[in-house]
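In mature numbering (1 follows the signal peptide of the UniProt record, and there is no 0), the protein residues as written are -32 to -1, 1 to 439.
Where a beta carbon is used, it is the ideal one built from N, C-alpha and C, also for glycine.
As the structure is a computational prediction, the values presented were derived from the model and not from experiment.
A short write-up of the structure that comes next.
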Amino acid sequence: MRLFSLSSSGSTSQTCTALLLSALLGAQVAQAQTGIPLNVKDPKSVKNAAKTVAEKMVSFYTGWRPGDVPGNLPAPYYWWQAGAMFGGLIDYWYFTGDDQFNDITMQAILHQVGDNKDFQPRNQSQTSGNDDQGFWGMTAMTAAEDKFPNPPADQPQWLALAQAVFHTQAERWHNATCNGGLKWSINILGTGYYYKNAISNGCFFNLAARLARYTGNETYARWADSSWNWVSGVGIVGPRYEYFDGVGDFENENCTKVNHIPWTYNTGVYMSGIASMYNITTGKEQAAWKQRLEGTIKQAEMTFFPESKGRIMTEIVCEDVRGEKKCNEDQRSFRAYLSRWMGSSVKLAPFTKDLIMPMLERSAQAAAKQCSGPDNACGLRWSHLDKWDGDTGVGEQMSALEVIQNNLVDLVSGPADQKTGISKGDPDAGRRDRDKEIKFSHITTGDKVGAGFVTSLILLSILGGAWWMIS
């Protein structure tokens, strides 16, 4: 049966063609307006949604092209975010079994290891912070835990790379001010050298805890304890498991001035480390980590899943400030890491499943609806549901990918360790002075009092109705 006769007049033919094109365009627009179909209870649906989001995310990456630099994202994205993105792609393979990105992922990571195989490449040496290096180190750790295919034998291995990052940072542990902690910047001329921030110390804590779990080496566990005690002592971790941005150590500040802005990724990086420590401890020690983990999850729910946003994950500091979006390119990716580490916490501490999964499920559904831009581009404001907010980029795609794919946690085994893993380590990787013992200082009562005083002030201001403001 012919719908349209080939012998019709030219005007009729043109009209029919126009109607067909209009119908096709209308169908595409309707699909875009409704976002990506997602049923969080159906693994096939979750995998399909994750694939759509991942492919769009990778479209921003050009490092695989001849003449470009593997492992680098184009401007305006920074080096650390590329490392974080490849960590997300490793998890994508882990959750879905789809290996289409594995080759570019391995190429990118190995290209960025640097001369000393510790993720300090020369072209990043002037601007790199401990957090930048830390994100690449955590990506290598994820590769080891997920049993991502090993690099060729003549290349550095995933576990050894993670160990190298940890060891270089342990040697930077800065006792001269505040009785410890890591500075934000590695280079004395870099922005943030006189600031000890939550994310740099969180990456270090996260790596220490995960290395302790993977290797069974007690030294890593002691470092995780020490790092936790330090951030708690100076007030980066608040009394109700708030995770604040950092403390200043310029001149006489001595880490008594706390920047109380909360970001999702700070909460996430500590949550994962705490879950790892819970996983490897017993008795009273495990009970203490359990309390910290429960407190962290509940505080995350109160802070980043507000009722005013439908209990959907929100970057509250910058996502919607008096009706305007203030998030920069870095901040647009932060929810990816909270989602990623909430999922890993479920595997490491199964008792958290009933606390965490409703938050991930609700937010994943919202994120999928917000992926309603051109070619299913994902926006920033998930709480706007299927009304695309006009934003698109690596951070938006990565955040949507992580919150969606972590709904597959029940389908995968927990992170590997030295008994079940396939990656080879090197206990001396990254160490400059292999005979020197790495030492740390104890937090004094005076340090705790100073940090506690500032924390009390911020709690009073919150209770009094004053919250942070972003201009």
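| Query | Result |
| --- | --- |
| Give me whichever residues DSSP pairs with serine 153 in a beta bridge. | Gly97 |
| Could you check the C-alpha separation between alanine 258 and lysine 12 for me, to the nearest Å? | In the sequence as displayed, the identity of residue 258 is lysine instead of alanine. Approximately 33 Å, taken between the alpha carbons. |
| For valine 380, which of helix, strand or coil comes out of DSSP? | coil |
| To the nearest angstrom, how far is it from the Cα of phenylalanine 69 to the Cα of lysine 277? | 34 Å |
| Would you check if there are 3 or more beta carbon pairs closer than 8 Å linking the region 101 to 109 to the region 122 to 132? | yes |
| Please classify threonine 73 as buried or exposed, where buried requires at least 16 neighbouring CB atoms within 10 angstroms. | buried |
| Using the Cβ count rule (16 or more neighbours within 10 Å means buried), how would you classify lysine 151? | buried |
| CB cysteine 346 to CB glutamine 365, shorter than 7 Å? | yes |
| In angstroms with no decimal places, state the Cα-to-Cα distance between glutamate 219 and aspartate 100. | 25 Å |
| Does the region 174 to 187 come close enough to the region 236 to 247 that 3 or more CB-CB pairs lie under 8 Å? | yes |
| How would you write the range of the alpha helix (DSSP H) that proline 230 sits in, first residue to last? | From DSSP, proline 230 is part of no alpha helix (DSSP H) but of the beta strand (DSSP E) over 226 to 230. |
| Which of the three DSSP states is assigned to glutamate 292 in this structure? | strand |
| Leaving out five residues on either side along the sequence, give the residues of the same chain with a beta carbon under 6 Å from the beta carbon of glycine 398. | Asp86, Ala132, His135, Thr136 |
| Apart from the five residues just before and just after valine 237, which ones in its own chain have a Cβ nearer than 7 Å to its Cβ? | Ile167, Gly170, Cys171, Asn174, Tyr305, Trp309 |
| In this structure, does DSSP put valine 215 in helix, strand or coil? | strand |
| For the beta strand (DSSP E) that lysine 164 lies in, which residues bound it at each end? | 163 to 165 |
| Applying the 10 Å Cβ sphere with the 16-neighbour rule, what's the burial state of tryptophan 436? | Summary for tryptophan 436: the model assigns pLDDT 33, below 50, so the residue's position carries little reliability, and this model does not support an answer. |
| Unbroken alpha helix (DSSP H) runs of length 4 or more, entirely within the region 43 to 104: which are they? | 47 to 64, 70 to 79 |
| Within the continuous alpha helix (DSSP H) that includes glutamate 283, where are the two ends? | Counting along the chain, glutamate 283 falls outside any alpha helix (DSSP H), and DSSP gives it neither H nor E. |
| For the alpha helix (DSSP H) containing serine 331, list its first residue and its last residue. | 321 to 338 |
| Determine the burial state of phenylalanine 302: buried for a count of at least 16 other Cβ atoms within 10 Å of its Cβ, exposed for fewer. | buried |
| How would you label threonine 360, buried or exposed, when you count the other beta carbons within 10 angstroms and need 16 or more for buried? | buried |
| Can you tell me which of the three DSSP states valine 37 falls into? | coil |
| Should serine 93 go down as buried or exposed, given a rule of 16 or more other Cβ atoms within 10 Å for buried? | exposed |
| Can you give me the Cβ contacts of isoleucine 390 inside the same chain, cut-off strictly under 7 Å, excluding the 5 residues immediately before and after it? | Lys115, Asn118 |
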